[in-house]
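In the working numbering, the protein residues as written are -17 to 279.
One structure is given here, and the rest of the page talks about it.
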Amino acid sequence: MPSLTFIATANAVSYCGAVPHFVDSEEKTLGVDPHKLAKYLEEITEQRLDGCFNRHSGRRIKAVVPMHTFGHPVDLDPLTETCNRYGIELIEDAAESLGSFYKGRHTGNWGRFAALSFNGNKTITTGGGGTILTNDEDLGRMAKHLTTTAKVPHRWEFNHDMIGYNYRMPNINAALGCAQLEQLPGFLSAKRDLAGRYRQAFAGIPGISFFSEPSGSQSNYWLNTLILDEAHAHSRDTLLQLTNDAGIMTRPAWTLMHRLPMFANCPKMDTSVAESLERRMVNIPSSAMLGSGRTDA
Ligand SMILES: Cc1ncc(COP(=O)(O)O)c(C=O)c1O
């Protein structure tokens, strides 16, 4: 999984009893660098009958969990190819990328599983919660079973056949989600419009660039992003201070996962690109309400 992500990705890995292993991101997508990952896997893994193993730790590498950063799709073709070659599952953290397409196909459709978030800050919201995507009906049924305390269906008996979770979405939240889904096309076009205006506004400004969707992808522009040149990275905090003082909400990138105390001892590759991006990225206001064509702002 990328070190450059929101903490929920690393938490989810840990909840499964697995160990996050941090990989670098690329400047082109802000997500996992598939070519650097392929080279790294070649160096550190060995193939055994029961899967792909890390030669240093002896642990099995079970899944690659890319994240579509701020809605911009990672380069899924080479990533899928690498996962297939090594027999590793692809599980997309698509929390931020509802409405984003890679080569015409919606994100969350590549791996065996993906997760979307409907948290309050996302493109559509149900107040909280999200959804699991899978094309595998058996896995889908299993996921539903596990999220409903693994209760064996019966009209009156309480029987459970596994240790499950109380993770199902309450009906009230789901109703909100249905209404929000109807508005999704409008939200997406307003966000695209806003991104276009930012792109124009920052086009001629030296030292700073507006991050545009990677070629071949259509992004939902969930969070708009400015990237400072390396030479101006030292100005990031001043930019954050001045904008926030002026009532404009801007934010730095997340602290990289491998720097957090819980994950500091986890294995990692060289993450120099993620470290550089972390120093230089600033998110700027991104609400669909700021896009044109909306009169209810
Ligand atoms: C990359 C990423 N993964 C996972 C999550 C977690 O989603 P939720 O808040 O719905 O649990 C979020 C956002 O909240 C996220 O940005």
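A virtual CB, placed ideally from N, CA and C, is assigned to each residue, including glycine.
Since we're looking at a predicted model, the values are computed, not measured.
Below 7 Å CB to CB, which residues in the same chain sit around K107 once its five sequence neighbours on both sides are set aside?
The identity of residue 107 in the sequence shown is Thr, whereas the question assumes Lys. The answer, listed in chain order, is F100, N101, Q162.
Return the residue from the list K133, S197, N148 that minimises the CA-CA distance to N141.
Comparing alpha-carbon positions, the option among K133, S197, N148 lying closest to N141 turns out to be K133.
Simplified DSSP assignment, three categories, for C160:
Of the three classes helix, strand and coil, the one that applies to C160 here is helix, per DSSP.
May I ask you to list the residues that DSSP assigns as paired with Q200?
Q200 pairs with F83.
For V134, the three-state DSSP class (helix, strand or coil):
Residue state, collapsed to three classes: coil.
What do you reckon, is the C-beta of G112 under 7 Å from a heavy atom of ligand 1?
Yes, since a heavy atom of ligand 1 falls inside the 7 Å radius drawn around the Cβ of G112.
Measuring alpha carbon to alpha carbon, tell me which residue in W204, R94, T130 is nearest L121.
For the set W204, R94, T130, the Cα lying nearest the Cα of L121 is the one of R94.
Could you work out which residue in Y84, E78, L128 is closest to Y147 when comparing CA atoms only?
When each option's Cα is compared against that of Y147, the closest is L128.
From which residue to which residue does the beta strand (DSSP E) around V264 run?
Per DSSP, V264 belongs to the beta strand (DSSP E) from 263 to 266.
Less than 7 Å between the CB of E78 and some heavy atom of ligand 1, yes or no?
Taking the Cβ of E78 as the reference point, at least one heavy atom of ligand 1 falls within a distance shorter than 7 Å.
Say the cut is 7 Å; is the CB of T237 nearer than that to a heavy atom of ligand 2?
The ligand content of the structure shown is limited to ligand 1, which means ligand 2 is not among them.
Of all the beta strand (DSSP E) runs that stay within the bounds of the stretch -9 to 42, which reach a length of 3 or more residues?
Runs of the beta strand (DSSP E) lying entirely within the stretch -9 to 42, each at least 3 residues long, are 27 to 30, 33 to 36 in chain order.
Just to confirm before moving on: does the CB-CB distance between A96 and T64 stay below 8 Å?
For A96 and T64, no; Cβs fall outside 8 Å.
Residues in the same chain with beta-carbon distance under 6 Å from R261, minus the five sequence neighbours each way, listed in chain order, please.
Annotation for R261: A215 place their beta carbon closer than 6 Å to its own, counting only its chain and skipping 5 residues before and after.
Same chain, Cβ closer than 6 Å to A279, neighbours up to 5 away in sequence not counted:
Low per-residue confidence applies at A279: pLDDT is 44, beneath 50, and the placement is therefore not dependable enough to give any value.
Would you call W204 buried or exposed, if buried means 16 or more other Cβ atoms sit within 10 Å of its Cβ?
Its Cβ being crowded by 16 or more others within 10 Å, W204 is buried.
For ligand 1, is there a heavy atom less than 7 Å away from the beta-carbon of N91?
No.
Cβ pair G273, L208 closer than 8 Å
No, they are not a contact pair.
Does the separation of the CB atoms of P55 and S79 fall below 8 Å?
Their beta carbons are under 8 Å apart, which means P55 touches S79 by this criterion.
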